[in-house]
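**Student:**
In mature numbering (1 follows the signal peptide of the UniProt record, and there is no 0), the protein residues as written are -22 to -1, 1 to 147.
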């Protein structure tokens, strides 16, 4: 990740309805694959609002894909039902390395009102290693975007990252 990508993300946050930003990355953007794994679907609607709401995702170097084979991050909404668990697992196994996991909303994080029972596994907490948890019931599109930005900036600033400190800004 580069400093240019971060600037574009922050620019899209501050002026989501402004003019289109020029492309800011020379390589492929960060691609997300969304799976709604059960629940009331409110978080899924908020993700759709983020995708279609004029937040300038493509210009900022983010995008959503229709197949996990081309995704960098798996974005999960909803409490994981036992019927959807194999679908989530298949999407994860299909993704190329390196890959990450985003839990969006209270249900995806810890099950929310859908605790573990005969039909629900609850949230991803304790089931998988989550790279970024975005709380809320449901979180707004801006909250989701802020969570992704926080994840990217944490990745850029991590001591083990070869790009950390190599970009001028």
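Even glycine gets a Cβ: it sits at the ideal position worked out from N, Cα and C.
Would you list, in sequence order, the uninterrupted alpha helix (DSSP H) runs of no fewer than 4 residues that lie entirely inside the stretch 29 to 83?
**Tutor:** 63 to 72
**Student:** Restricting to Cα atoms, I'd like to know which of 109, 104, 87, 100 is closest to residue 128.
**Tutor:** 109
**Student:** For residue 125, write down the residues that DSSP places opposite it in a beta bridge.
**Tutor:** Answer is none; residue 125 lacks a bridge partner.
**Student:** Note down the Cα distance separating residue -2 from residue 14, rounded to an integer number of angstroms.
**Tutor:** At residue -2 the pLDDT is 38, less than 50, meaning the model places this residue with poor confidence; the figure from the coordinates comes in the next sentence. About 30 Å.
**Student:** Could you name the residues that DSSP lists as bridge partners for residue 110?
**Tutor:** Bridge pairing for residue 110: 80 [DSSP].
**Student:** To the nearest angstrom, report how far apart residue 93 and residue 125 are at their CA atoms.
**Tutor:** 24 Å
**Student:** One question on the structure: do residue 118 and residue 61 come within less than 9 Å of each other, judged by their Cβ atoms?
**Tutor:** Between residue 118 and residue 61, the C-beta gap is not smaller than 9 Å, which leaves the two residues out of contact.
**Student:** Comparing C-alpha positions only, which one of 102, 76, 107, 9 sits nearest to residue 84?
**Tutor:** 102
**Student:** Could you compute how far the alpha carbon of residue 78 sits from the alpha carbon of residue 45?
**Tutor:** 15 Å
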